[in-house]
Amino acid sequence: AQSVTQPDIHITVSEGASLELRCNYSYGATPYLFWYVQSPGQGLQLLLKYFSGDTLVQGIKGFEAEFKRSQSSFNLRKPSVHWSDAAEYFCASPGGSSNTGKLIFGQGTTLQVKP
Amino acid sequence: DTEVTQTPKHLVMGMTNKKSLKCEQHMGHRAMYWYKQKAKKPPELMFVYSYEKLSINESVPSRFSPECPNSSLLNLHLHALQPEDSALYLCASSQGPSLHSGYNEQFFGPGTRLTVL
Chain A
1 AQSVTQPDIH
11 ITVSEGASLE
21 LRCNYSYGAT
31 PYLFWYVQSP
41 GQGLQLLLKY
51 FSGDTLVQGI
61 KGFEAEFKRS
71 QSSFNLRKPS
81 VHWSDAAEYF
91 CASPGGSSNT
101 GKLIFGQGTT
111 LQVKP
Chain B
1001 DTEVTQTPKH
1011 LVMGMTNKKS
1021 LKCEQHMGHR
1031 AMYWYKQKAK
1041 KPPELMFVYS
1051 YEKLSINESV
1061 PSRFSPECPN
1071 SSLLNLHLHA
1081 LQPEDSALYL
1091 CASSQGPSLH
1101 SGYNEQFFGP
1111 GTRLTVL
């Protein structure tokens, strides 16, 4: 079955440090991939998306992600984390069902930022 | 307008009550979604409406009844809920799905925090 995996349940980084959140997908063809962020008690906000083309994708709030087909990964990065980045991060993909409306979410990674 | 709005923000109801959640978007999107989200978990898809017709029901209990009065509005009617139904209910919309869109960039509302006593 198609799946999206986020291996890290919880990550703690110091403010100003760099960040990388991991996401792996299982789907044979090039998938559509998304990263969403959710602050406590809020809805999900789209950070960035990958459909095709350039494998390095720039998003909002200084985030970027790189699609690596050889590793089936779409990791999210930020060079310098701010305290306001503390939130839940979800990687998602429609897998092979891009025309059904279903999104497959990873389990999420909770980011804690130390002062 | 690039927003999905949801009302109310918070709702507390008893197991015998009937209430409704409302979702609205004015982005011209033709697909709308209801999700249920428990704490520290990803959203779980409940229903998908495509062109105002129910296209996906993820085996949701009948105590949840969706309604799409028009392309901008989506309601979720609640009746005889159980305490385990307490969760954050998220609405989302997208241009798709369709055979031509090829992707599902979904825009989410802020959610309704539901507590069932």
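Chains as they are written, first to last, in the numbering used here: chain A, 1 to 115; chain B, 1001 to 1117.
Backbone N, C-alpha and C fix where the C-beta goes; we use that ideal spot for every residue, glycine too.
Measuring alpha carbon to alpha carbon, tell me which of the options ends up nearest residue i.
i                 : options                                       : result
PRO1083 (chain B) : B:SER1094, B:GLY1111, B:GLU1052 and B:LEU1011 : B:LEU1011
GLU1003 (chain B) : A:THR12, A:GLN112 and A:LEU46                 : A:LEU46
ILE60 (chain A)   : A:SER70, A:ASP54, A:GLY53 and A:LYS49         : A:LYS49
PRO40 (chain A)   : B:ASN1057, B:LEU1088 and B:MET1046            : B:LEU1088
GLU64 (chain A)   : A:LEU44, A:SER70 and A:TYR36                  : A:TYR36
LEU111 (chain A)  : A:GLY43, A:ARG22, A:PHE105 and A:LEU33        : A:ARG22
GLU1058 (chain B) : B:SER1071, B:TYR1051 and B:PRO1043            : B:PRO1043
LEU1081 (chain B) : B:PRO1008, B:LYS1009 and B:ASN1017            : B:ASN1017
ALA1031 (chain B) : B:GLY1109, B:SER1094 and B:LYS1040            : B:SER1094
PRO7 (chain A)    : A:THR55, A:ARG69 and A:TYR89                  : A:TYR89
SER52 (chain A)   : A:ARG69, A:GLN38 and A:GLY62                  : A:ARG69
HIS1029 (chain B) : B:SER1071, B:SER1055 and B:MET1046            : B:SER1071
LYS1053 (chain B) : A:THR55, A:ASP85, A:GLY101 and A:ASP54        : A:GLY101
GLN1025 (chain B) : B:CYS1068, B:ARG1113 and B:SER1086            : B:CYS1068
ASN1062 (chain B) : B:GLU1105, B:ASP1085 and B:MET1027            : The sequence given here places Ser at residue 1062 (chain B); Asn does not occur at that position. Out of B:GLU1105, B:ASP1085 and B:MET1027, B:ASP1085 has the C-alpha closest to the C-alpha of SER1062 (chain B).
LEU1074 (chain B) : B:GLY1109, B:LYS1040 and B:ARG1113            : B:GLY1109
SER1065 (chain B) : B:SER1055, B:ILE1056 and B:HIS1077            : B:HIS1077
Tell me, which residues are paired with residue i by DSSP?
i                 : result
THR3 (chain A)    : Before going on, a small fix: residue 3 (chain A) reads as Ser here, not Thr. Paired residue(s): A:SER26.
CYS91 (chain A)   : A:TRP35
HIS1077 (chain B) : B:SER1020 and B:SER1065
ALA1031 (chain B) : B:SER1050 and B:SER1094
Measuring CB to CB, does residue i end up less than 8 Å from residue j?
i                 : j                 : result
CYS91 (chain A)   : PHE74 (chain A)   : yes
VAL13 (chain A)   : VAL57 (chain A)   : no
TYR1035 (chain B) : VAL1048 (chain B) : no
GLN1006 (chain B) : LYS1022 (chain B) : yes
GLY43 (chain A)   : LEU1090 (chain B) : yes
TYR32 (chain A)   : SER72 (chain A)   : no
MET1046 (chain B) : VAL1116 (chain B) : no
Taking the continuous beta strand (DSSP E) assigned at residue i, which residues delimit it?
i                 : result
ALA65 (chain A)   : 64-68
GLN1175 (chain B) : A question about residue 1175 (chain B) goes unanswered here, because the residues of chain B that appear run from 1001 up to 1117.
MET1015 (chain B) : Where MET1015 (chain B) is concerned, there is no enclosing beta strand (DSSP E), given that its DSSP letter is neither H nor E.
ALA1092 (chain B) : 1087-1094
PHE51 (chain A)   : That residue, PHE51 (chain A), is in no beta strand (DSSP E); it is neither H nor E in DSSP.
GLN112 (chain A)  : 109-114
LEU21 (chain A)   : 19-21
ILE9 (chain A)    : First-last for ILE9 (chain A): undefined, no H or E at that position.
LYS102 (chain A)  : LYS102 (chain A) -> no beta strand (DSSP E), and no H or E assigned at all.
VAL1116 (chain B) : 1112-1116
Name, please, each residue of chain A whose Cβ falls closer than 7 Å to the Cβ of residue i.
i                 : result
ALA1031 (chain B) : GLY101
ARG1063 (chain B) : Here the premise fails: no neighbours, minimum Cβ distance about 22 Å.
VAL1048 (chain B) : GLY101
CB of residue i to nearest heavy atom of the ligand PLP: below 7 Å?
i               : result
CYS91 (chain A) : Absence of the ligand PLP from the depicted structure is noted, as is the absence of any ligand whatsoever, leaving it without description.
For residue i, return the contacting residues in chain B, with the cut-off set at a CB-CB distance below 7 Å.
i               : result
PHE67 (chain A) : Ordered by position in chain B, no residue passes the 7 Å Cβ test against PHE67 (chain A), which lies about 14 Å from the chain.
For a contact meaning CB atoms closer than 9 Å, what does residue i contact in chain B?
i                : result
LEU46 (chain A)  : GLU1105, GLN1106, PHE1107 and PHE1108
LYS114 (chain A) : Those within 9 Å of LYS114 (chain A) in chain B number zero; the least Cβ separation is about 20 Å.
List, in order along the chain, the chain B residues whose C-beta lies closer than 8 Å to that of residue i?
i                : result
GLN42 (chain A)  : PRO1110 and GLY1111
PHE105 (chain A) : PRO1042 and PRO1043
Against residue i, what residues of chain A qualify as contacts under a CB-to-CB distance less than 8 Å, listed in chain order?
i                 : result
SER1059 (chain B) : What SER1059 (chain B) touches in chain A: nothing, since even the nearest Cβ is about 13 Å away.
PRO1066 (chain B) : Here the premise fails: no neighbours, minimum Cβ distance about 13 Å.
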